[in-house]
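**Student:** The structure under discussion is supplied below as structure tokens; questions concerning it will follow.
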Amino acid sequence: MRCPRILLCGLLLVPSWPVSGAESPRPLRVISFNMLHGGFRFRGDGQHLEERLAMAVEGLRGLDVDLIGLQEASSGRKRGDVAGRLAAALGLHYVRAPAGYRWVGRLASWAMGFDEGPAVLSRFPIVAWDAVPVDSCDHWYGRVLLCATLDTPWGPLDACSTHTASSTCQLRSLTRLLQARRGRAPRILMADLNSTPETSGVKRLLADDGLVDTFRAANPDAPGFTVWQPVRTEAPAVRRRVDYVLVAPGADTPVRVDASRVILDRPGHGADGNPLWPADHYGVLSEVEVF
15 MRCPRILLCG LLLVPSWPVS GAESPRPLRV ISFNMLHGGF RFRGDGQHLE ERLAMAVEGL
75 RGLDVDLIGL QEASSGRKRG DVAGRLAAAL GLHYVRAPAG YRWVGRLASW AMGFDEGPAV
135 LSRFPIVAWD AVPVDSCDHW YGRVLLCATL DTPWGPLDAC STHTASSTCQ LRSLTRLLQA
195 RRGRAPRILM ADLNSTPETS GVKRLLADDG LVDTFRAANP DAPGFTVWQP VRTEAPAVRR
255 RVDYVLVAPG ADTPVRVDAS RVILDRPGHG ADGNPLWPAD HYGVLSEVEV F
């Protein structure tokens, strides 16, 4: 396990789930989900974080997921480690790294009462991981690329999660970091890029690093909007697609996308009886063959 000294790091290992049919590869079920950390102290309860976390657990539990990339996974004295709590509820291994490594990020974490960053949750054991800063460019808040090497029955898998600003400069930095990770193992990036597919930064990321946009591959014409959803309104309000499951093949294996869809895209009701959504983002679930 590697971690820059500028970052605080967390890792939970739980007993591996049994994998049926390990002799032959099968599609992996992969999710990207921005959890909505809930903002500054004056908002009090993280915009109903506890209720939203319970909704997310309920929505994810029946999906037989292999891999989840989280963004805005928070950790603080009052809320605990939210990614760790979700991983424990689903029986997954996990690793998380805070994004606010610069002094302004640490100041923001103090003001919010927690830190936040990306996390990787995995059915398969995590044998190594690292968190590398993405260039902040003209933005004040730090960003990181968190990557974990997973020990699957069919070989190693490189699984990464990140959350960037709407910044072509940050996406160029992310592209360079991902290119440096190229190897024989297939790679999966689960990300909130705050940029839509037609932007130059996303197009270049896909082209330069050989990544497949799994939702678009499976749904050539569907909009697949994922943001932004006010969590206390009844009606859907998403108008943009900025959340992705992106896959790059290994040296010897092509990528095949079997299916992809948005999830966690229905409201429930809070304890007060009013509408409540799991987050201000919908999740993305993709079924991919990478071995």
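Read left to right, the sequence shown gives residues 15 to 305 (this note's numbering). Note that CB positions come from ideal geometry on N, CA and C, so glycine has one too.
When you compare each of Lys-217, Val-226 and Pro-237 to Val-302 by their alpha carbons, which one comes out closest?
**Tutor:** Taking the sequence shown and counting its residues from 1, the one referred to as residue 302 is at position 288. Closest option to Val-302, Cα to Cα, is Val-226.
**Student:** If we count the other Cβ atoms within 10 Å of its Cβ and call it buried at 16 or more, is Thr-247 buried or exposed?
**Tutor:** Mapped onto the sequence shown, residue 247 falls at position 233. That one is exposed.
**Student:** Just the C-alpha distance for Arg-43 and Gln-243, rounded to the nearest angstrom, thanks.
**Tutor:** The count along the sequence shown starts at 1 and reaches residue 43 at position 29. The count along the sequence shown starts at 1 and reaches residue 243 at position 229. The alpha-carbon atoms of Arg-43 and Gln-243 are separated by roughly 24 Å.
**Student:** My understanding is that Leu-135 touches Ile-82, with C-beta atoms under 8 Å, so please give their C-beta distance in whole angstroms.
**Tutor:** Walking along the sequence shown from the start, residue 135 turns up at place 121. Walking along the sequence shown from the start, residue 82 turns up at place 68. Right, their Cβ atoms sit about 4 Å apart.
**Student:** Helix, strand or coil: which one does DSSP assign to Ser-209?
**Tutor:** On the sequence shown, residue 209 is found 195 positions in, with the first residue counted as 1. Note: Ser-209 maps to coil in three-state DSSP.
**Student:** What residues in its chain sit with their C-beta under 6 Å from that of Ile-45, if we drop five residues either side in the sequence?
**Tutor:** In the sequence shown, counting from the first residue as 1, residue 45 sits at position 31. Taken in chain order, the residues that qualify are Val-79, Ile-82, Gly-297 and Leu-299.
**Student:** What do you get for Gly-105, buried or exposed, if any count of 16 or more other CB atoms within 10 angstroms of its CB means buried?
**Tutor:** As a working note, residue 105 is residue 91 in the sequence shown. Answer is exposed; the Cβ neighbour count stays below 16.
**Student:** Less than 6 Å between C-beta atoms, sequence neighbours within five positions excluded: which residues of the same chain meet that for Pro-39?
**Tutor:** Along the sequence shown, read from residue 1 onward, the residue named residue 39 stands at position 25. So the qualifying residues of the chain are Trp-168 and Phe-305.
**Student:** So what's Met-69 in DSSP terms, helix, strand or just coil?
**Tutor:** Taking the sequence shown and counting its residues from 1, one reaches residue 69 at position 55. Of the three classes helix, strand and coil, the one that applies to Met-69 here is helix, per DSSP.
**Student:** List the residues that DSSP assigns as beta-bridge partners of Glu-303.
**Tutor:** If you number the sequence shown from 1, residue 303 lands on position 289. According to DSSP, which records beta bridges pairwise, Glu-303 is partnered with Arg-270.
**Student:** Measure how close the beta-carbons of Leu-160 and Thr-176 come, nearest whole angstrom, since I'm counting them as under 8 Å.
**Tutor:** Residue 160 sits at position 146 when you count from the first residue of the sequence shown. Residue 176 sits at position 162 when you count from the first residue of the sequence shown. Contact flag correct, Cβ pair sits at about 7 Å.
**Student:** Threshold first: 4 residues or longer. Then list the alpha helix (DSSP H) segments lying entirely within the region 128-204, N to C.
**Tutor:** The region 128-204 contains these whole alpha helix (DSSP H) runs: 182-193.
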